[in-house]
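Colleague: Below is the structure I would like to discuss, written out as structure tokens.
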């Protein structure tokens with residue numbers, strides 16, 4: 036079984052730069068790894084990412100809808116990318132995951148933390 040590492044942090048803090056550097060470093064040393072992102076690591080995730088990044092053209096997206104969109108992207112991402120890679124003993128480097136949802140939708144948007152945790156268990160199964 037492979038390993039799963041997330042890179043978390045606020046916008047512009049260098050997550051993407053560091054994850055790319057880590058991936059290059061590991062690949063140069065012969066370590067099988069992939070770099071993925073959330074949302075956006077699957078075709079469905081990319082569409083959800085477009086919706087979330089273009090909120091202004093769609094009108095107000097409620098906190099609950101935002102959480103459900105992130106959870107939908109995560110579910111597909113886990114099923115289609117993360118689990119298959121881990122089963123192949125691949126190291127998965129992920130640009131954001133559950134911690135970002137907890138921070139932004141829970142502490143930032145005021146949604147119930149227990150509910151977010153339940154959604155994460157459901158979408159990551």
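In our numbering, the protein residues as written are 36 to 160.
Cβ coordinates follow ideal geometry from the N, Cα and C atoms, glycine included.
#1: When you compare each of 95, 80 and 55 to residue 69 by their alpha carbons, which one comes out closest?
#2: Starting from residue 72, follow the beta strand (DSSP E) in both directions and report where the run begins and ends.
#3: Pop quiz: residue 127 and residue 138 are said to be a contact at Cβ under 8 Å. What is the actual Cβ separation, rounded to whole angstroms?
#4: What are the start and end residues of the alpha helix (DSSP H) that includes residue 127?
#5: Which of helix, strand or coil does DSSP assign to residue 41?
#6: Give me the Cβ distance between residue 80 and residue 108, rounded to the nearest whole Å; I'm assuming they're in contact under 8 Å.
#7: Would you identify the three-state DSSP class for residue 98, choosing helix, strand or coil?
#8: Just to confirm my understanding: we take residue 124, look at its own chain, exclude 5 residues before and 5 after, and list those with CB closer than 8 Å. What are they?
#9: Using only the alpha-carbon positions, how far apart do residue 145 and residue 63 sit?
Modeller: In terms of the structure at hand:
#1: Here the closest residue by C-alpha is 55.
#2: Residues 68 to 72.
#3: In fact, because the Cβ distance is near 20 Å, the residues do not count as touching under 8 Å.
#4: Looking at the DSSP string, residue 127 is not in any alpha helix (DSSP H); the run it does join, the beta strand (DSSP E), is 126 to 130.
#5: strand
#6: 4 Å
#7: helix
#8: 36, 37 and 67
#9: 43 Å
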